[in-house]
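Chemist: When we follow our numbering, the leftmost residue of the sequence shown carries the number 204, and every step to the right adds one.
Before I ask anything, here is the structure I am working with.
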Amino acid sequence: MQSLLPSTILSVIVHGILIAITLWALRGCERGAPAAPGGEKFRTVGLTSLPAEGSDRNDAPSPNFNDLRPAQDGEPEPIRDALSAVPDKAPSIDELLNATTATDSSVGAQIPTVIGPGAPLPGLPGVASATPLVRPPGSRTGGGSLTPGPGATTFMEITDTGRRFVYLIDTSASMNDGGRLKLARNQLKSSIRLLKPNQRFQVVFYGVTTTQMNLKRPQDRDLYPATVINIHKAEREIDRVRAEKGTEHKAALKHALRLKPDVIYFLTDGDEPRLTSADLGELLRLNSSNARVHVVEFASSQRESREVTWLQQLASRTGGKYSRVPVKAW
């Protein structure tokens with residue numbers, strides 16, 4: 204027992220000294236700090252960057268976090284590149300209007316074709332015989348835009364808008380001359396391709412008798428919506444038409460007017476047999492839908508008389524256009 208007593212006392216003294224040193228060291232974070240609410244005393248602690256050796260502490264720039272990432276090979280400096288991208292003045296109106304944007308062909312190839320006003324419906328098979336709506340060289344046809352807007356179509360360069368369209372096409376034997384019937388077919392197919400599914404159409408062929416295009420069985424007496432299927436069927440029916448025999452205008456016009464269209468495109472290659480004023484009056488009374496009748500007359504020579512024909516009167520009195528097209532121009 205006597206031998207252990209000195210070592211025990213020594214151990215207590217050493218541990219006491221260590222505890223005293225630890226308590227003295229812990230008082231360092233409270234030394235000189237003002238009392239905070241709650242009775243505890245602490246100092247505000249933060250981080251700061253030290254200037255490089257030899258530089259003045261007050262002249263050291265503020266740290267920029269963009270500079271912390273080293274630039275890769277060939278990569279522009281972040282700050283300098285960002286500053287160069289900021290314009291120093293606003294662009295003018297002319298610069299904005301004349302600016303062009305480069306497009307990636309690989310991206311553009313994935314964008315579907317947008318159907319705009321005057322664009323034919325997609326999905327139709329290529330028809331080599333359907334010519335574009337262009338004026339034949341040397342011809343002087345009626346007015347009308349070749350780029351029709353919404354709800355419009357063009358036939359022989361006469362443009363009109365509406366929901367219901369009827370094409371009345373002369374198929375008498377004289378339409379074989381000068382490729383007239385072929386031209387009529389081409390322009391007819393091009394015109395119905397410009398229609399949209401919310402529009403309706405019908406094609407009436409006439410000579411001595413009148414024949415309405417029939418796309419359904421049993422026969423449908425109304426107009427057809429301009430869907431891709433109906434347009435494709437109509438093109439096949441148009442290609443089957445042949446020119447033969449004589450001409451009977453009045454019965455064909457009455458048939459077209461009874462369909463109550465908004466627009467009638469009436470194509471013939473002559474005003475014989477001529478209609479009288481009484482005939483025109485009858486047709487106007489039958490026009491209950493106030494359809495505009497656009498008249499296209501194929502002619503083999505220049506007009507010799509200045510007298511207004513019944514074809515011109517029909518177009519004028521219904522608000523339509525009249526166009527005389529010299530066949531020799533083709």
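Glycine included, every Cβ here is placed at the ideal spot set by N, Cα and C.
Starting from the Cα of R477, find the closest Cα among P209, V530, D425 and L514 and give me that residue.
Modeler: L514
Chemist: Is it buried or exposed for Q415, if we count other Cβ within 10 angstroms and need 16 for buried?
Modeler: Buried, since its Cβ has 16 or more Cβ neighbours within 10 Å.
Chemist: State the Cα-Cα distance for the pair S210 and I224, rounded to the nearest angstrom.
Modeler: 21 angstroms
Chemist: Between the C-alpha atoms of F147 and L371, what's the straight-line distance to the nearest angstrom?
Modeler: This structure cannot speak to residue 147, because the chain is shown only from 204 to 533.
Chemist: Alpha carbons only, please: which of E485, E447, N401 and K453 is nearest the one belonging to I434?
Modeler: N401
Chemist: Under three-state DSSP, which class holds R445?
Modeler: coil
Chemist: In chain order, what residues of the same chain have a beta carbon less than 8 angstroms from the beta carbon of R520, not counting five sequence neighbours either side?
Modeler: Correct list, in chain order: L483 and L487.
Chemist: Three Cβ pairs or more, each shorter than 8 angstroms: is that satisfied between the region 376 to 393 and the region 438 to 449?
Modeler: yes
Chemist: Measuring only the C-alpha atoms, how far is R534 from V406?
Modeler: This structure leaves residue 534 out entirely; the chain is present only between 204 and 533.
Chemist: Here's a check: name, in chain order, each residue in its chain whose Cβ is nearer than 8 angstroms to the Cβ of E475, leaving out the five neighbours to either side.
Modeler: T450
Chemist: What does a CB cutoff of less than 8 angstroms around L418 pick up in its chain, not counting 5 residues either side in sequence?
Modeler: Y427, N433, K436, A437 and E440
Chemist: Could you tell me the boundaries of the beta strand (DSSP E) in which T402 lies?
Modeler: Reading the sequence as shown, one finds Gln at residue 402 and not Thr. Q402: not part of any beta strand (DSSP E); DSSP gives it neither H nor E.
Chemist: Could you have a look at R366 and say whether DSSP puts it in helix, strand or coil?
Modeler: coil
Chemist: Quick one: complete alpha helix (DSSP H) runs, 4+ long, within the region 463 to 488?
Modeler: none
Chemist: From R509, D465 and V498, pick the residue whose C-alpha is nearest to that of F358; which is it?
Modeler: Ranked by Cα distance from F358, the first of R509, D465 and V498 is V498.
Chemist: Near L535, what residues of its chain come up, given a Cβ to Cβ distance below 6 angstroms and the 5 sequence neighbours on each side ignored?
Modeler: Only positions 204 to 533 of the chain appear in this structure, which leaves residue 535 out of reach.
Chemist: Can you tell me the Cβ-Cβ gap for S503 and V530, rounded? I've got them flagged as a contact below 8 angstroms.
Modeler: 5 angstroms
Chemist: Assuming contact is defined by CB atoms lying nearer than 8 angstroms, are P464 and R396 in contact in what I supplied?
Modeler: no
Chemist: What residue does the alpha helix (DSSP H) around S526 start on, and which one ends it?
Modeler: Element bounds for S526: not the alpha helix (DSSP H) but the beta strand (DSSP E), Y525 to P529.
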